[in-house]
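Taking it in order: structure first as structure tokens, then the write-up.
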Amino acid sequence: MTGSVKYAFYPGCVSRGACPELYSATIEVCARLGIELETKGMQSASCTGAGVLQEKNRRLGDTLNARNFALAERTGLPLMTICSTCQGVMAQANDRLTKDPDYLKSINADLAPEGLEYKGTANPKHLLWILLEEVGLNRVRARVTRPLKGLKIAPFYGCYIVRPSSVLGYQEHPERSDALEQVIQVVGAEVADFPGKTACCGFPILTINEKASMKMVSNHTLSAKDAGATAMVTPCPLCHLNLDGYQPTAAAQARKPIDLSILHLPQLIGLAMGIDAKALGLNKHIMSTQKLVSQVAVAQ
Amino acid sequence: MIDQDVLVIGAGLAGMRAALAAAENGASVAVVTKVYPVRSHSNAAQGGINAALTDRGDKWEDHAYDTVKGSDYLGDQDAIEVMCREAGQEVITMEHMGTIFSRDDAGKLGVRAFGGQRQARTFFVADFTGQALLHVLHEQVLKHKVKVYEEWFVLSLLVEDGECCGAVVMDIRTGAIHVFRAKAVILASGGLGRVFEPSTNALICTGDGMAQAYRVGAPLMDMEMVQYHPTTLKSNGALMSEAARGEGAYLVNALGERFMKKYAPNMMELASRDVVSRSEQTEINEGRGINGCVLLDCRHLGEKKINERLLTIREVAKDFAGVDMVQEPVPIRPGMHYQMGGILTDVDGQTAVPGLYAAGETACVSVHGGNRLGANSLLDTLVFGRRSGVHASDRAKYTKHKNLTDASADNDRQHIRALLDRNGPGEMFGKVRLEMGQTMNQHLAVFRNQQGMETALAKVRELKQRYEKVIVHDKGKTFNTNLIFTLELGFMLDCAEAIVLGALERRESRGAHTRTDMPKRDDENWLKHILIAKTPEEPKVSYKPVVITQWKPQARTY
Amino acid sequence: MEVTLNVRRYDPDSAKPAPYYQEYDLEIDETHTVLDGLIKVREEVDGTLALRCSCRSAVCGSCAMRVNGHAVLACKTKVRDLLHRGSTKLTVEPAGNMPIIKDLVVEFNVFWDKIRAVEPWLQPQGVPPQQEYIAPNEDMLHLAGVMACIMCGACVSDCTVLEVDKHFLGPAALAKAYRFVADPRDDAEKSRLGKLVQYGGVWDCTRCMQCVQVCPKGVDPMGRIMALRDRAIENGYHNSNGARHAETFARSIKHSGTLDELRLPIGTFGIWNVKEMLKLIPLGLKAQMRGKRPPIFHKAIPGAENVRRIFEKVESKR
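Residue numbers (numbering that gives the first Met the number 0), protein chains in the order written: chain A, 0 to 299; chain B, 0 to 557; chain C, 0 to 317.
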């Protein structure tokens, strides 16, 4: 592709809450890749329900997502997410909404008072897939000014961008199954492959079964380290919250030091583009990224 | 040595129903099963279970007549009456236990039409009725805390003073061999489908019970009556339930004709299975098939009905034939499916050996005669499973344990030791089984003749010789499946021989036994059962009259 | 076509039992399943290979195992479908989360123990009717989706919670529990749910959807677990971290349109749960220092009243 592309931007709650660094890194990176982001028309979009609301009331979740899709339709732009969880929940809702016209009609009845109608055309896409399928990895490669040579990065997908594969377009887009690995290589780093990359980070049970949640964090981070990882990258801010924010707790429980930097997807790309670490919010993590950042600088 | 009043062998529908009945009757019960109960082949029964529920205007006598006619008058009518009279209560009992039968608009049990019956009386759970019943019985077995020895394999039955008093059983997990002592033993170990290749049957259907009973002197009956199901997939022999035709699917030949109008103008696709299978095979043999198949066309049923009622077979056709039956007709052909014959029993499951009972496909009461109606097999397992359980536990009340010891297993231990010690470049069980299966499927299928059956007999006897030299590669104790398969092959070869002998003996065509060289039914000479009994020399053939109560044999048209 | 099955083997009877991988080169048909391949091995090549299998048509549940890292029914999985990008090798391993007995055979008792733990039998009250129980067909159809479970253990094999906490009842047992809770003939809903909200029960699921993904029968175990959570709350079981988390979450969205991350843990533990609140402080402080903590004054989205209206409308429909 040439020129710029524009998306209705759905940042999700976490990038505007506990992970503001994801938001700023996204803005920085998208600007350099010629991805324009429409934020105004999406301001009144609500939470997707994150799967939590759906467990209480699936129809409620579907209605909220239909509302968000209708808002995106109103901008006339395709929809971009930066959160695996949002991506998954949206895709599941969209699957139900678009395969049953009667259902969609009844949902639309509840949107009507606001003057909204979902026509079924939204196709929510995570930044990761947009890079692969629309921007093209060649363009990313072309913008890399500081290849991350010598770094070994472990990909961590998060559940909702992987499962259930039947509603996430893996049939039509088999290349999505190693999307992160492809990005890691494009920015000049090496892939640290490890068994838990599509497993659960533990975040959803953090407040319910903390011990189990922490064991997930330590299992994944330690096995990534065993695979030689210098850092881990994730397209899911919720995974980031647990893998980064709770890593000290997990390390204490495992009685083992971990010290693994966890990057948001745009931070990884931004680093390779030579964007300032602070602008990427790399100073806002619980696990320090200083060593990583200086390693990148030294490599130049 | 492990003692109990009643030992049940097999944990499919018949076995678990027997165990529950015996436990409720106050007996101490143990179930021995070579697979976990919910893995049993009862799972594979898709379409439903027949019963005439009187409160909706059906009569058990009508069900009985359809069954008698379906059997081509070889079924014993006293036994058929028992089964059909008790059917309604059995279905209600299963419902009360928790079976999620399909309902009508009023919330009462709903029915679907099934082959060979003039009235819709088949109760069902989508198209996995067997699985739904099996899992519910398993729930009840858990509730009643019946002791189940899971993944234990029976090697032989023990007989003292002419009475069956236990079994020798191997714990597959450890390889240890134990003596189980019992006052009554119920064989509920299923069919023998793997004697044929291909077959709709699971790999565990190896005729163990039939061969074990045969080896201790219980005669086998009606063994020549092997059902070929009209709708099986060519690729792997997988079953496409009769429920498809019950819901209205068509059978179509290469010319696009619903050919059943030539063979069964009234019942069409829902004629008895033997009739439909013969019709299909005739179409195929006369050049109106497609790659050895005809077509099962469900398209006009619509996706909604297919998903609600035939989802399992939609998946099966997708997975194993690569065809979505919502969009395309499915190529199918007759495939070996069920053994009408088995261990001769009375209506209480008693075999010729006192203390030994049999129920389900392994038994022959005989309620199916020359051809079983669809959805009568689940009924057979439950009614006669329960009756065996009751009778066997009654027997236990006045019977003492025989004088067995752990040494009672020594014969089997030696046999297995010898088998494992046999080394050399000889063949494995696999090749022998495949040749047996292909031979049987070639010569004892839908159409048979003297020459073919004689060829089969010679081949089976050759394979029996070769079996004596088969090598077991795995010498270990833990989970030695190589050893188990080899032992199963021994059982299957006994069954194969009995099938061929019975078939050669019956010089007429009746039910599933259709001879191109003797195409007519001959009531004058052959309205009788054929029994095969083991003797130290050749197997011995004898006869037993068919019990006729109220339905005189007539010409059979559909 | 030519294919290599790379099979993880383990023989407990060997002198020094240790797992290892063995490769079998096979010539198989395009339509063949992984199970066809394994049967070919044990019947023609190597009789010592142990695995469970029976029906060959995805109804008996015997042959769940991991192929290329994910649990599948070997009889339902075509070899061809798993060979990506010119690869001709498949890795076959025993199911996960259960101890290995031999080769591809795992100890299933841990599976049955959990099934038993949910009292998996119908518990009606009173004398049963003369005839059948009257029940709506749509309820039966709904339950058929759960009864379609063949207990193959694929979901248990790949469950991410069981991997870290053996106490979890797991997807199969919880789906089985749902089958009774949702059965109109069962009268033990309340007591069943009372047990299911305990540690190891419905709230311990991470919603990772592994079970949904690998279930060969479309049972949707996680969906059943979510339905159990909902019923638990409906039945008055609010007093668990999970229930409070779900309710606080919903409340936050209802009132502001987005998630108030700061209130979420407080709502989950309860503001009076001093121990858990204290535990939050160090993390909160560190997060604060890094500028990572969510805003104290949670801002509602513009037009939040529309979200509230949808909540009220849809919730009133139930």
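We put the beta carbon where it would ideally sit given N, CA and C, even for glycine.
C/V126 counts as exposed, since fewer than 16 other C-beta atoms from the protein chains shown sit within 10 angstroms of its C-beta. Taken through DSSP and simplified to helix, strand or coil, B/M439 comes out as helix. Spanning the alpha carbons of A/A69 and A/Y117 requires a straight line of approximately 4 Å. The beta carbons of A/Q184 and A/P123 sit no closer together than 8 Å. Bounds of any alpha helix (DSSP H) do not take in C/K216, whose DSSP letter is neither H nor E. As computed with DSSP, B/E285 is found in no beta bridge at all. Of the candidates B/A43, B/K401, B/T404 and B/R555, B/A43 places its Cα closest to the Cα of B/N200. In the structure shown, the three-state DSSP call for C/Y177 is helix. Taking the beta carbon of B/K476 as reference, the chain C residues within 7 Å of it are D12, listed in sequence order.
Contact of C/V91 with chain A is not assigned, every C-beta pair being separated by 8 Å or more.
Contact of C/T47 with chain B by beta-carbon distance below 7 Å involves H472, D473 and N481.
If you draw a straight line from the Cα of A/K5 to the Cα of A/E113, it comes to about 25 Å.
Of the residues B/V34, B/K144 and B/T311, the one whose Cα lies closest to the Cα of B/S188 is B/V34. For the segment 265–284 of chain A, the set of positions with a beta-carbon nearer than 9 Å to some beta-carbon of chain C reads G280, N282, K283 and H284 in chain order. Straight through space, the alpha carbons of A/T233 and B/Q326 are spaced by roughly 42 Å. For C/C59, the chain B residues whose Cβ falls inside 7 Å of its Cβ are R38, N42 and A201, in order along the chain. DSSP places B/I171 in the coil class of the three-state scheme, outside both helix and strand. Listed in chain order, the non-local C-beta contacts of B/D57 below 7 Å within the same chain comprise A51, Q118 and R120, local neighbours out to five positions each way being set aside. Between the segment 23–31 of chain C and the segment 102–113 of chain C there are fewer than three inter-stretch CB-CB distances shorter than 8 Å, so the stretches are not counted as touching. Counting only the Cα atoms, C/D35 lies some 20 Å from B/I312. Contact between the segment 296–307 of chain C and the segment 32–48 of chain A is present, with at least three C-beta pairs closer than 8 Å. Put simply, of B/F490, B/N479 and B/A502 the residue whose alpha carbon is nearest the alpha carbon of B/I171 is B/N479. Using a Cβ-Cβ cut-off of 8 Å, A/L237 does not count as an interface residue toward chain C, since no Cβ of chain C sits closer than that to its own. For A/S260, no alpha helix (DSSP H) run applies; the uninterrupted beta strand (DSSP E) run containing it begins and ends at S260 to H263, by DSSP.
Around the Cβ of C/I133, a 10 Å sphere holds fewer than 16 other Cβ atoms; the residue is exposed. In the structure shown, C/S61 falls within a coil segment according to DSSP collapsed to helix, strand and coil.
When the five nearest sequence neighbours on each side are left out, the beta carbons in the same chain lying within less than 6 Å of the beta carbon of A/L205 are those of S212, in order along the chain. Taking the CA atoms as reference points, C/P18 sits about 10 Å from C/I99. Considering only C/V105, C/V196, C/G256 and C/K15, the residue with the shortest C-alpha distance to C/N238 is C/V196.
In this structure the segment 18–31 of chain A touches the segment 253–273 of chain A; the number of beta carbon pairs closer than 8 Å is three or more.
Take C/M146, set aside five residues on each side of it, and the residues of its chain with a beta-carbon closer than 8 Å to its own are R178, in chain order. For A/I34, the uninterrupted beta strand (DSSP E) segment begins and ends at I34 to E37. One finds C12, V13, G16, C46 and A49 in chain A with Cβ atoms closer than 8 Å to the Cβ of C/L258, taken in chain order. For C/I100, the nearest beta carbon of chain B is closer than 8 Å to its own beta carbon. Fewer than three Cβ pairs drawn from the segment 349–359 of chain B and the segment 255–264 of chain B lie within less than 8 Å of each other, which leaves the two stretches out of contact. A straight line joining the alpha-carbon of A/A276 with that of C/K216 spans about 48 Å.
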